[in-house]
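Protein chains: 2
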Amino acid sequence: MARILSPADLEAELRQVAARRYYHLHPFHRLLSAGRLDRAQVTAWALNRTYYQAMIPVKDALVLSRLADPADRRSWRRRIVEQDGEGEGESGLDRWLRLTDGLGLDRAKVLAFEGVLPATRFAVDAYLQFVRERTPLEAVASSLTELFSATVVSERMSGMLASYDFIARRTLAYFDERLARVNRDADFALAYVKTHAVTAETQALAIAAMRFKCDVLWSQLDALHFAYVDPKLPPPGAWNPDEETR
Amino acid sequence: MARILSPADLEAELRQVAARRYYHLHPFHRLLSAGRLDRAQVTAWALNRTYYQAMIPVKDALVLSRLADPADRRSWRRRIVEQDGEGEGESGLDRWLRLTDGLGLDRAKVLAFEGVLPATRFAVDAYLQFVRERTPLEAVASSLTELFSATVVSERMSGMLASYDFIARRTLAYFDERLARVNRDADFALAYVKTHAVTAETQALAIAAMRFKCDVLWSQLDALHFAYVDPKLPPPGAWNPDEETR
Numbered sequence: 001m002a003r004i005l006s007p008a009d010l011e012a013e014l015r016q017v018a019a020r021r022y023y024h025l026h027p028f029h030r031l032l033s034a035g036r037l038d039r040a041q042v043t044a045w046a047l048n049r050t051y052y053q054a055m056i057p058v059k060d061a062l063v064l065s066r067l068a069d070p071a072d073r074r075s076w077r078r079r080i081v082e083q084d085g086e087g088e089g090e091s092g093l094d095r096w097l098r099l100t101d102g103l104g105l106d107r108a109k110v111l112a113f114e115g116v117l118p119a120t121r122f123a124v125d126a127y128l129q130f131v132r133e134r135t136p137l138e139a140v141a142s143s144l145t146e147l148f149s150a151t152v153v154s155e156r157m158s159g160m161l162a163s164y165d166f167i168a169r170r171t172l173a174y175f176d177e178r179l180a181r182v183n184r185d186a187d188f189a190l191a192y193v194k195t196h197a198v199t200a201e202t203q204a205l206a207i208a209a210m211r212f213k214c215d216v217l218w219s220q221l222d223a224l225h226f227a228y229v230d231p232k233l234p235p236p237g238a239w240n241p242d243e244e245t246r
Numbered sequence: 001m002a003r004i005l006s007p008a009d010l011e012a013e014l015r016q017v018a019a020r021r022y023y024h025l026h027p028f029h030r031l032l033s034a035g036r037l038d039r040a041q042v043t044a045w046a047l048n049r050t051y052y053q054a055m056i057p058v059k060d061a062l063v064l065s066r067l068a069d070p071a072d073r074r075s076w077r078r079r080i081v082e083q084d085g086e087g088e089g090e091s092g093l094d095r096w097l098r099l100t101d102g103l104g105l106d107r108a109k110v111l112a113f114e115g116v117l118p119a120t121r122f123a124v125d126a127y128l129q130f131v132r133e134r135t136p137l138e139a140v141a142s143s144l145t146e147l148f149s150a151t152v153v154s155e156r157m158s159g160m161l162a163s164y165d166f167i168a169r170r171t172l173a174y175f176d177e178r179l180a181r182v183n184r185d186a187d188f189a190l191a192y193v194k195t196h197a198v199t200a201e202t203q204a205l206a207i208a209a210m211r212f213k214c215d216v217l218w219s220q221l222d223a224l225h226f227a228y229v230d231p232k233l234p235p236p237g238a239w240n241p242d243e244e245t246r
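Read top to bottom, the protein sequences are chains A and B. For what it's worth, full-length UniProt numbering labels the leading residue of the first sequence as 1, then goes sequentially. For what it's worth, full-length UniProt numbering labels the leading residue of the second sequence as 1, then goes sequentially.
Here's what the structure looks like:
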């Protein structure tokens, strides 16, 4: 990759990566959105996603610490302000927990990440490590999967609401809030990447960051699929619906 | 140190550390505040402090990334919001730069940290590394020098204004803003440390963090003193008033 791309071609390239590797193609996501999972499988998804969810403001604080320009930091900090909210019970995590509450999970256990798959932790921790250690450009570029999340999240929401009687509209409050912001966030990140990735080398890094982030999301669904769908082998210590006393 | 201190005794111990090691005791600070430095020496101070200044929001974003509780993050993020301000030209760094502008330094060079003493960078970078790698308790505790800064900063401001005709009130705008917030910030950090340092081991870590932070501030003044006061030996590459074309 020696050629320098125009900003528009760089964007097209980033979109190509997602078209091939974003998690909307993953079988677990397809089953989830199509209403073809059982309650235990949806619960496993929600439980594991809590770890990702809880780390998002941490990730964004790390990205913030990588941005040298106060103007860039002002844009990025909106994420943290919105994720953590203004007062007790108003954070994105609080909204997220309505879903795990609604699925009957114990909140204290959920917040201690009890039973979360090791592969979930490893993938999310790798994401934190990536934004901590790579260049600021790569840290920002790794958020660009957000360019695609609005569509995929809306589809998943309507699929889940239509299919699962154990999921109520109000327990999906997290996604309503998120959908309201995600395109604005993605637009800023895309503009940042187009401005800063202006050599063949930095453009390759930005594209690799997008690929990396797709891997982070994809591998979490692989682990869920393996443990709870096929061949259904939850690893030792992971949440196991057959061992739950209901 | 096997004994567990009461919260009040822990606070007393932290204050003891500062009483012996905070930079209000440093000869460079005393000369600066007493109006006994020349314009070049004050300029060297302002130039070097810019590096510290620019890294403060970065440091606070790192601390933010270490806090697991959204409520703690809501408190800590106020620092970043206030430091970076709401719009172009309204950041703490912008206010700080009025001082370096007023001293006739080239803004582009200042913002590139050109001529900053290596020891300044090493000390500030050690601080960033500390909050990045130590426990969240230590990261927060290292900010507790703020318990003392209001008094020392006010004294320095009035001393500087009274003594230096090359320093104008409006160029010290940064400190006005900072003084308005620093006690609130310090109170939060102190409450956090009292709540979280409840074993002999964690109390020792908190006290060591305070000592470390005093060292970070002190060593920056050592380097300034050595390079610009006595024996006046600026290291190669550092800002040198004798080489400046005025």
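C-beta atoms are modelled at their ideal positions from N, C-alpha and C, and glycine is treated no differently.
- Less than 7 Å separating the beta-carbons of residue 251/A and Y174/A? Because chain A is modelled from 1 through 246, residue 251/A falls outside the range shown and cannot be assessed.
- State the CB to CB distance for the pair L47/B and G102/B, rounded to an integer number of angstroms; the pair is presumed to be in contact (CB under 8 Å). 12 Å between Cβ atoms; not a contact.
- Closer than 7 Å, CB to CB, is R77/B near chain A or not? The beta carbon of R77/B falls within 7 Å of a beta carbon belonging to chain A, placing the residue at that interface.
- Task: Could you run through the segment 80-93 of chain A and flag, in chain order, every residue whose CB is less than 9 Å away from some CB of chain B?
- Result: Going along the segment 80-93 of chain A in chain order, one finds I80, V81, Q83, D84, G85, E86, G87, E88, E90, S91, G92, L93 with a Cβ nearer than 9 Å to chain B.
- Query: So, A126/A versus M210/A, is the Cβ gap smaller than 7 Å?
  - Reply: Against a cut-off of 7 Å, the Cβ pair of M210/A and A126/A comes out as no contact.
- Query: Can you find a CB in chain B that lies within less than 7 Å of the CB of V58/A?
  - Reply: Taking a beta-carbon distance threshold of 7 Å, V58/A counts as an interface residue toward chain B.
- In the DSSP assignment, find the alpha helix (DSSP H) that holds H196/B and state where it starts and stops. For H196/B, the enclosing alpha helix (DSSP H) covers residues 173-196.
- Query: Of all the alpha helix (DSSP H) runs that stay within the bounds of the segment 99-180 of chain A, which reach a length of 4 or more residues?
  - Reply: Segments of the alpha helix (DSSP H) lying fully in the segment 99-180 of chain A: 107-111, 118-133, 136-141, 146-163.
- Under 8 Å Cβ-Cβ, which residues of chain A neighbour L62/B? The answer, in chain order, is A61, L62, S65.
- Query: What is the rounded straight-line gap between the Cα of S163/A and the Cα of H225/A?
  - Reply: Between S163/A and H225/A, the C-alpha separation is close to 19 Å.
- So, helix, strand or coil for N240/B, using DSSP? Looking at N240/B - three-state DSSP - the assignment turns out to be coil, as it is neither helix nor strand.
- Query: Do you know offhand how far M157/B's Cα is from A139/B's?
  - Reply: Distance between the alpha carbons of M157/B and A139/B: 28 Å.
- Task: Can you say whether D72/B is buried or exposed, counting buried as having 16 or more other CB atoms within 10 angstroms of its CB?
- Result: D72/B should be labelled buried.
- Item | Assigned exposure category for G87/B - 16 Cβ within 10 Å defines buried | G87/B sits exposed, since fewer than 16 C-beta atoms from the chains shown fall within 10 Å of its C-beta.
- Limits of the unbroken alpha helix (DSSP H) element including E201/A: Per DSSP, E201/A belongs to the alpha helix (DSSP H) from 200-228.
- Burial state of E82/B (16 or more Cβ within 10 Å): E82/B is classed as buried because its beta carbon has at least 16 other beta carbons within 10 Å across all chains shown.
- With a cut-off of 8 Å on the beta carbons, I'd call T145/A and W96/A a contact; round off their distance for me. At roughly 18 Å, the Cβ-Cβ gap does not stay under 8 Å, so T145/A and W96/A are not in contact.
- Beta-carbon proximity of H196/A to L111/A, cut-off 7 Å: No. Outside cutoff.
- Can you find a CB in chain A that lies within less than 7 Å of the CB of P70/B? Chain A, which has a Cβ nearer than 7 Å to the Cβ of P70/B, makes this yes.
- Query: Under three-state DSSP, which class holds R246/B?
  - Reply: Confidence at R246/B is low in this model, with a pLDDT of 44, below 50, so its placement is unreliable and the value that follows should be read with caution. Annotated three-state conformation of R246/B is coil, per DSSP.
- With respect to the alpha helix (DSSP H) encompassing S91/A, which residues constitute its N-terminal and C-terminal limits? No alpha helix (DSSP H) contains S91/A, which DSSP labels as neither H nor E.
- Whose C-beta lies closer than 7 Å to the C-beta of T171/A among residues of the same chain, with five residues either side of it excluded? By the criterion of a C-beta distance shorter than 7 Å, T171/A is surrounded in its chain by R98, L99, G102, once the five residues flanking it on both sides are discounted.
- Do you know how far the Cα of E177/B is from the Cα of residue 254/B? An answer regarding residue 254/B cannot be provided, because it is not within the stretch 1 to 246 covered by chain B.
- Message: I need the straight-line Cα distance from Y52/B to V124/B, nearest angstrom please.
- Response: Going from the Cα of Y52/B to the Cα of V124/B covers about 6 Å.
- L93/A to Q16/A span [Cα, whole Å]: The alpha-carbon of L93/A is positioned some 31 Å away from that of Q16/A.
- Answer yes or no: does any C-beta atom of chain B fall closer than 7 Å to that of R121/A? Residue-level contact by beta carbon fails for R121/A and chain B, as no gap is shorter than 7 Å.
- Message: Please report the distance separating the alpha-carbon of K191/B from that of G35/B.
- Response: With the sequence shown as reference, residue 191/B is identified as Ala, and Lys is not the correct amino acid for it. Rounded to the nearest angstrom, the two C-alpha atoms are 36 Å apart.
- Message: Residues in the same chain with beta-carbon distance under 7 Å from L37/A, minus the five sequence neighbours each way, listed in chain order, please.
- Response: Shown here for L37/A: same chain residues with a beta carbon closer than 7 Å to its own, the five before and five after excluded, namely L31 in chain order.
- Shorter than 7 Å from the beta carbon of residue 248/A to some beta carbon of chain B? Shown here, chain A extends from 1 to 246; a query on residue 248/A therefore has no answer.
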